[in-house]
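Q: Using numbering that gives the first Met the number 0, the first residue of the sequence shown is number 0, and each one after it goes up by one.
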Amino acid sequence: MIQYIKAVTLALALVAGPAFAGDTPAPEGAEVYFANLQDGATVGSPVTVVFGLKGMGVAPAGTEKENTGHHHILIDRPPLGEGPDGAEELEYGLPADDHHVHFGGGQTEVSLDLAPGQHTLQLVLGDMNHVPHDPPVMSEVITITVE
0 MIQYIKAVTL ALALVAGPAF AGDTPAPEGA EVYFANLQDG ATVGSPVTVV
50 FGLKGMGVAP AGTEKENTGH HHILIDRPPL GEGPDGAEEL EYGLPADDHH
100 VHFGGGQTEV SLDLAPGQHT LQLVLGDMNH VPHDPPVMSE VITITVE
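1) To test your reading of the DSSP string, which unbroken beta strand (DSSP E) runs of 3 or more residues are found completely within the stretch 99-141?
2) Under three-state DSSP, which class holds residue 90?
3) Span of the beta strand (DSSP E) holding residue 47?
4) For the candidate residues 98, 93, 140, 145, whose alpha-carbon lies nearest to that of residue 60?
5) Give me, in chain order, the residues of the same chain whose beta-carbon lies closer than 7 Å to that of residue 134; leave out the 5 immediate sequence neighbours on both sides.
6) When you compare only the Cα positions, how much space is there between residue 28 and residue 73?
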């Protein structure tokens, strides 16, 4: 019986996997941006980051609703889709770690404790499964200096 359950679980995982692969469409003209920070800004810590969104709505992770998503912020890493795991994050979703912060509750701002020095930031909208939309709705990468 245990072997049967393992086989069924594996089969379901193989079938369900492609359903999570970045096929959620983004409407034309959708934009995500930093509402309160500009490239080259010098700020104190903690850093308040306000997320701006145009042409889409915000919904918590797990919510299946057309033209919505939730925010992620990429910190001190290559732009979305670049770097060693770039292709995987576009297809299978963003990991959750120190360089990929998820806002699955539908949050639209955060206060970040960043060490003094230069940091890069990029906003990315993810679908109900943390997968970037097609095409990805992402901001430009900005560089800030924390004093």
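Beta carbons: idealized from backbone N, C-alpha and C, even for Gly.
A: Per the coordinate set shown:
1) 99-101, 108-111, 116-125
2) helix
3) 46-53
4) 93
5) 25
6) 21 Å
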